[in-house]
Structures are given as C-alpha cells and as structure tokens.
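Peer 1: Sharing a structure below in structure tokens format, with a few things to ask.
Number of protein chains: 2
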Amino acid sequence: MTPRRDPRPAAERGHSGGGARHGGAPGGTLTGSIEDYLKAIYALEELTDLPATTSDIAERLDIAPPSVSGMLRRLATRKLIRHERYRGVSLTPAGRKAALKTLRRHRVIEAYLASVLGFSWDTVHAEAERLEHAASDELIDRMAAALGDPATDPHGAPIPTRDGTLVIVPTQLLAEQAVGTSARVASVGDEDGELLRYVGSLAIRPGAVVKVVSRAPFDGPLTLEVSGSGAKAGRTHVVGSTVARAVKVDKPR
Amino acid sequence: MTPRRDPRPAAERGHSGGGARHGGAPGGTLTGSIEDYLKAIYALEELTDLPATTSDIAERLDIAPPSVSGMLRRLATRKLIRHERYRGVSLTPAGRKAALKTLRRHRVIEAYLASVLGFSWDTVHAEAERLEHAASDELIDRMAAALGDPATDPHGAPIPTRDGTLVIVPTQLLAEQAVGTSARVASVGDEDGELLRYVGSLAIRPGAVVKVVSRAPFDGPLTLEVSGSGAKAGRTHVVGSTVARAVKVDKPR
DNA sequence: CATCGTAATTAGGTGAACCTAACTTTTGCA
DNA sequence: TGCAAAAGTTAGGTTCACCTAATTACGATG
Numbered sequence: 007m008t009p010r011r012d013p014r015p016a017a018e019r020g021h022s023g024g025g026a027r028h029g030g031a032p033g034g035t036l037t038g039s040i041e042d043y044l045k046a047i048y049a050l051e052e053l054t055d056l057p058a059t060t061s062d063i064a065e066r067l068d069i070a071p072p073s074v075s076g077m078l079r080r081l082a083t084r085k086l087i088r089h090e091r092y093r094g095v096s097l098t099p100a101g102r103k104a105a106l107k108t109l110r111r112h113r114v115i116e117a118y119l120a121s122v123l124g125f126s127w128d129t130v131h132a133e134a135e136r137l138e139h140a141a142s143d144e145l146i147d148r149m150a151a152a153l154g155d156p157a158t159d160p161h162g163a164p165i166p167t168r169d170g171t172l173v174i175v176p177t178q179l180l181a182e183q184a185v186g187t188s189a190r191v192a193s194v195g196d197e198d199g200e201l202l203r204y205v206g207s208l209a210i211r212p213g214a215v216v217k218v219v220s221r222a223p224f225d226g227p228l229t230l231e232v233s234g235s236g237a238k239a240g241r242t243h244v245v246g247s248t249v250a251r252a253v254k255v256d257k258p259r
Numbered sequence: 007m008t009p010r011r012d013p014r015p016a017a018e019r020g021h022s023g024g025g026a027r028h029g030g031a032p033g034g035t036l037t038g039s040i041e042d043y044l045k046a047i048y049a050l051e052e053l054t055d056l057p058a059t060t061s062d063i064a065e066r067l068d069i070a071p072p073s074v075s076g077m078l079r080r081l082a083t084r085k086l087i088r089h090e091r092y093r094g095v096s097l098t099p100a101g102r103k104a105a106l107k108t109l110r111r112h113r114v115i116e117a118y119l120a121s122v123l124g125f126s127w128d129t130v131h132a133e134a135e136r137l138e139h140a141a142s143d144e145l146i147d148r149m150a151a152a153l154g155d156p157a158t159d160p161h162g163a164p165i166p167t168r169d170g171t172l173v174i175v176p177t178q179l180l181a182e183q184a185v186g187t188s189a190r191v192a193s194v195g196d197e198d199g200e201l202l203r204y205v206g207s208l209a210i211r212p213g214a215v216v217k218v219v220s221r222a223p224f225d226g227p228l229t230l231e232v233s234g235s236g237a238k239a240g241r242t243h244v245v246g247s248t249v250a251r252a253v254k255v256d257k258p259r
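From first to last, the protein sequence lines are chains A and B.
Its first residue numbered 7, the first sequence is counted upward by one per residue in the numbering used here.
Its first residue numbered 7, the second sequence is counted upward by one per residue in the numbering used here.
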C-alpha cells in the first residue's frame, strides 16, 4: 500500500495542460482529440478521394470551423497531415497509419462488445468512441484474438490489421444496384443508432440478401425485398438510398 | 453514411474547454481528473480515518500541491467534498458515492481483464486506470455479470456493488499477525506492478495461507512461510511489512 | 474582369487543469 | 511561549482545445 511515486524534479511531470494527463497513453503520444481528427480526415478522404475540407471536418466532428483550422495547423506541425492553406488536407503516411490504428481500435472494440458482451449493434459505436482512446494495444490485440481476429465489425466495416493493412472489398451503395437484382449487404453505416435499430428490425444486416424492387429517382428511397428464409423474408420495405453498401450476388448463398 | 449532425445554434456544443468533450460521458458529468481526485481522497480517508491533506493528495496523484488546492476549491463548489482551509478535506455523501462508483469501475475492469482476457495481475491496474473513465455503466455491469458479480478484484480488494455498497471484511496487515501464526492473505496492494510480480512469484496472493516466521522490529521486513501444497509450499521468503493484508486462520482451509 | 457569396483563416477570448514563486497559516519543538 | 519548518494557499503563468467575431482568399457568375 506504499504509494511512493518517483521524485522527479516536478518540472517533468504532467506539465502540459488539458489533454492526455497520465503518461501511459495507449498508442503513441496522441490525444483522443487528435485521433478523432485523423479518423474524420481519413473517412472523408475515403468517401470522396479528395483532400478533406475544413468545413467537412468541422461538420463531422460537430466543432466550429476556426477550431478545426487551429487543430489542422497543429496536425501539420506534427507531420500527420499535409495542409495547403485555403485548399484542404490529406493524411501523411504517419497520419494514415495513426488513423488506421484508431479505426482498428474502434472496430475491434465494437466487435468485442457485440460478440462477447452482448451489446446490440446500435449501441456499440458510442461505447467504442470513448474506449478507443483509452485501450492499450495489448488490450485491443487480446480482444481481437478472443474473436479469432475478425475481418469486420458488427456493421460490416473491415477491421484494419495490427500492421495497418485495410482489406477493401469493393462494394456499391445498395442504391446503385440495378433494379430487380439481388445483392448481399456488406455493411451498414455505424453511427446512427436509430437508423441501425430500424434497419435491424427489417433484418437488413451484413450478410442479408436483398432484392432491389424499385428506386425513386434523384437519390430517392429504395424499395427492398428481404430474401432468404427468416421470419422477415419476402417482406418489402422502403429505406433511404445510403443506408447500406452491398455486393451483387447471382445465387443467394 | 450520412453524418448529418444536429444543427444546434453552435453556441450549445462543446463550448467549455479541456475536459470531457463529447456529451456522452459515462457516469455523470465528472471528468476523469475529478474522479481521480475523489478516488484518492477516498483511499486516504480509508487509510487514516482522518480528513485527507492537500499534500497527501498531491503526492498520491503526482501533482503539485497548489494544483490540488485549486481543484479542491472546485470540488467543494460542486459539493463533492467539504474543505476547511488549511485543515483538510472529507468526502460528502455525493463525493463518496462518486468515488465508490469509480472504484467499482476500476475493480470490475481489473477483474474482467484478468479473468476473461488473460491479463496478469501486475498489468491490470494501469489498463483499468484509463478505462475506468471511458466505460459506461452498462459496460461495467455487463463485465461484472459475465464474471458472476465478483466480490473482489484480482488483488483481493472488495468491489463496491452497483448501488454503492462496499462490503468491508476486517483484515490486518500481515505484519500485525502474531509471529508463529498462520493467516490467509486477503489482499495485496494493486498499484506497484513490480511488487506484484515479485510477490506473485512467491505464490503470495489472495487466498494463499502463510505463516509469519519472524518479524524485524520497527516495521522491518517479515519472514514468511508459504503453506499449502503448491510448488512453492514450505519455502520461506522475506518481504516488506506492508505488502499484504490478511485474516488469521486456525486450520488452513 | 469586377464582384459577390462561401469557405477558410486570423484575432481575441474562455475554462480546465496543470505549473512555479511568493506568501500565509499551522504546528512542532526548544 | 516564541519561532522556524512544514503545510497550504494565493498570485500569476502555460497549454490545450474549444468558442465568436472579423477578416481574407477563392471561385463562380454576370
């Protein structure tokens, strides 16, 4: 029960304000905040294949644009992003690596919570969002190992490997499937819990096979028919055009 | 994949600096920092049955005394402690409740990491120290349930229940046992990983029965003999006077 | 090609949680 | 009982990550 901490000259302890207070940060020296920015920039780059813009990042993180500008300067100083003033930002290799590491943390945690601890897929995101900044590499690896190193999280999103590789299986938006064809749902957006509860109730989840019955123009809603033999099989439902990504199938497996 | 966050008038978002940025804090509205202070104050009160002093808190948290003074003022404002200037601090019922909640988080996490994910008892403390501020009540309860609501953590410390009750089994320091008597180890301090590896290697852990062979005066080291039938049984070892708490036994169970 | 709207930045500010240096209160001891 | 050492507090400063208001750059359009 003896505390007896190290008697460093006190000038060398927590010293710098706010952020990560305890020395034992999980990954490198990145604060949760920085990890969130990198994740957002990564996601935006993925989405558009173009440099992420200040206002997109701001909207995504629910932060005012000037705050983003300031943080981008810091990230550029740390060599995590390239930033051309008034243009946009893109991740450096170091930044991408950090982003993928955080993404791995997030998705491993989601998978573990859902598989082992019985969390529903609409609640894992919020929980993972906080835990991903506190969990050590060791913990993440043990959770992943306990699941047999899963390839995807509960929403179907691929989990980057320990060495930072992300296997991207090409998918299309369900809305991009030809009307009348069947497709196997690959993934569903993970952030909107309400949406997840809704599509879950329709049995639209990764692995489900659905047929696109009709599609309204201009990104309008889709009408889907759930295939297979479940209780919900054969029912048709109307959903938004961006709910899920999918791969075409010939025979419903 | 549509982010589309709430378009509040922007004056109502993260607004206040540093601390907990996203609204979804796990417990109440307490930051990790505040929880750490309350835990420390609780531990010091337990230890001495007297109000905790500024410098004790400072030493325990490895923070300069003036920083503690400042934080104590904030904690008093929030009605979590009572603070008499130049005297000391004691927890209010609200503060004690918050401290016990954090203690529960910490110990449930330790127990889970050790039992389910195979962490060694000398590494769980550091991991729990970070996770306890990020885990939701839901997660803690599910982890506890997965273990059948354990009564103690891997170091033998009691785990407060969901409703904030802490069952205290009276124990004495091993050093306080009469020489020649046997005692069952109840708990070992959880913070010092190196110490834990050492006493672990001697098979001194909760449940182990040891005999106090001799004791040097003035809180000097103890000589112990490990009872039972393990590989280490019968060996004698010399350890510090504060390594473990124990209860006397007549027949080694 | 001037202008106007939007996006991005700079300027200046806040609160949290830390720090050191200087000062005050308490306490232990001659 | 008096006074010095120890403990605690105040004063003033830093960094971080946010904010609003004001300004500047860009790019589309008449």
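Note that the Cβ used here is the ideal one computed from N, Cα and C, for glycine as well.
1. Give me the DSSP bridge partner(s) of glutamate 231 of chain B.
2. Can you say whether aspartate 55 of chain B is buried or exposed, counting buried as having 16 or more other CB atoms within 10 angstroms of its CB?
3. Determine, using beta carbons only, whether serine 22 of chain A comes closer than 7 Å to chain B.
4. For glycine 236 of chain B and alanine 192 of chain B, which I take to be in contact (beta-carbon distance under 8 Å), what is that distance rounded to the nearest angstrom?
5. Closer than 6 Å by C-beta to histidine 243 of chain B: which residues in its own chain qualify, once you throw out the five before and the five after it? Chain order, please.
6. From A/Glu90, A/Glu65, A/Val74 and A/Arg79, pick the residue whose C-alpha is nearest to that of proline 57 of chain A; which is it?
7. Would serine 207 of chain B pass as an interface residue toward chain A - the criterion being a Cβ-Cβ separation below 7 Å?
8. Nearest by alpha-carbon distance to arginine 187 of chain A: which of A/Ile47, A/Ser220 and A/Arg168 is it?
9. Secondary structure at arginine 91 of chain A, three-state DSSP: helix, strand or coil?
10. List the residues of chain A that histidine 139 of chain B touches, going by C-beta distances under 9 Å, in chain order.
11. Since arginine 190 of chain A sits in a beta bridge, which residues does DSSP pair it with?
12. Just curious, the alpha helix (DSSP H) that alanine 6 of chain A is in, first and last residue?
13. Starting from serine 75 of chain B, trace the alpha helix (DSSP H) in both directions and tell me its first and last residue.
14. Measure from the C-beta of glutamate 133 of chain A to each C-beta in chain B and report whether the shortest distance is under 7 Å.
15. Whose C-beta lies closer than 8 Å to the C-beta of alanine 157 of chain A among residues of the same chain, with five residues either side of it excluded?
16. For the alpha helix (DSSP H) holding threonine 108 of chain A, just list the boundary residues, first then last.
17. With respect to the alpha helix (DSSP H) encompassing isoleucine 40 of chain B, which residues constitute its N-terminal and C-terminal limits?
18. May I ask you to list the residues that DSSP assigns as paired with proline 164 of chain A?
19. Which residue or residues does DSSP assign as beta-bridge partners of alanine 284 of chain B?
20. Determine whether the Cβ of arginine 148 of chain A lies closer than 7 Å to any Cβ atom of chain B.
21. Under a three-way DSSP split, which group does leucine 179 of chain A fall into?
22. To be precise: take each residue of the segment 146-171 of chain A, compare its Cβ to all Cβ atoms of chain B, and keep it if any distance is under 8 Å. Which residues remain?
23. Quick one: using the 10 Å Cβ neighbour count with 16 as the cut-off for buried, is arginine 203 of chain B buried or exposed?
24. Buried or exposed: phenylalanine 125 of chain B, going by 16 or more other Cβ atoms within 10 Å of its Cβ?
25. Judging by CA-CA distance, which residue of A/Trp127, A/Pro223, A/Ser121 and A/Arg79 is the nearest neighbour of alanine 181 of chain A?
26. Return the Cβ separation of arginine 251 of chain A and threonine 177 of chain A in integer angstroms, given the expectation that the two are a contact with Cβ distance under 8 Å.
27. Which of helix, strand or coil does DSSP assign to isoleucine 174 of chain A?
28. Going along the chain, which residues of its own chain have a beta-carbon closer than 7 Å to the beta-carbon of valine 95 of chain B, five neighbours each way excluded?
Peer 2: So, to answer that:
1. DSSP lists B/Lys217 and B/Thr242 as the beta-bridge partner residues of glutamate 231 of chain B.
2. By the neighbour-count rule (16 or more Cβ atoms within 10 Å), aspartate 55 of chain B is not buried but exposed.
3. In this prediction, serine 22 of chain A has a pLDDT of 47, which is less than 50 and means its spatial position is unreliable; what the coordinates show is noted afterwards. Taking 7 Å as the CB threshold, serine 22 of chain A stays off the interface with chain B.
4. Not quite, the Cβ-Cβ distance comes to about 18 Å (not below 8 Å), so this is no contact.
5. Excluding positions up to five away in sequence, the list reads Leu208 and Leu230.
6. The option with the nearest alpha carbon to proline 57 of chain A is A/Glu90.
7. Not an interface residue.
8. Residue 187 of chain A is actually threonine in this sequence, not arginine. Ranking the options by Cα distance to threonine 187 of chain A, first place goes to A/Ser220.
9. Coil.
10. Proximity of chain A to histidine 139 of chain B at the Cβ level (cut-off 9 Å) is accounted for by Arg136 and Ala140, in chain order.
11. According to DSSP, which records beta bridges pairwise, arginine 190 of chain A is partnered with A/Val215 and A/Val253.
12. This structure cannot settle anything about residue 6 of chain A, because the visible part of chain A is limited to 7 through 259.
13. DSSP places serine 75 of chain B in the uninterrupted alpha helix (DSSP H) bounded by 71-83.
14. Yes, contact with chain B.
15. If we look at alanine 157 of chain A and ignore the five residues flanking it on each side, its Cβ neighbours are Pro164, Ile165 and Val173.
16. Taken as a continuous stretch (DSSP letters only), the alpha helix (DSSP H) holding threonine 108 of chain A covers 99-121.
17. From DSSP, the alpha helix (DSSP H) with isoleucine 40 of chain B extends over 38-54.
18. Proline 164 of chain A pairs with A/Thr158.
19. There is simply no residue 284 of chain B to check, as chain B begins at 7 and stops at 259 in what is shown.
20. Interface residue, yes.
21. Leucine 179 of chain A falls in the strand class under three-state DSSP.
22. Listed by position along the chain: Arg148, Met149 and Ala152.
23. It is exposed - the Cβ of arginine 203 of chain B has fewer than 16 other Cβ atoms within 10 Å.
24. Buried is the label assigned to phenylalanine 125 of chain B, since at least 16 other Cβ atoms lie within 10 Å of its Cβ.
25. Nearest of A/Trp127, A/Pro223, A/Ser121 and A/Arg79 to alanine 181 of chain A, Cα basis: A/Pro223.
26. Right, the Cβ-Cβ distance comes to about 4 Å (below 8 Å), so this counts as a contact.
27. DSSP places isoleucine 174 of chain A in coil when its eight states are reduced to three.
28. So the list reads Ile47, Pro57, Ala58, Leu78, Ile87, Arg88 and His89, once near-sequence residues are dropped.
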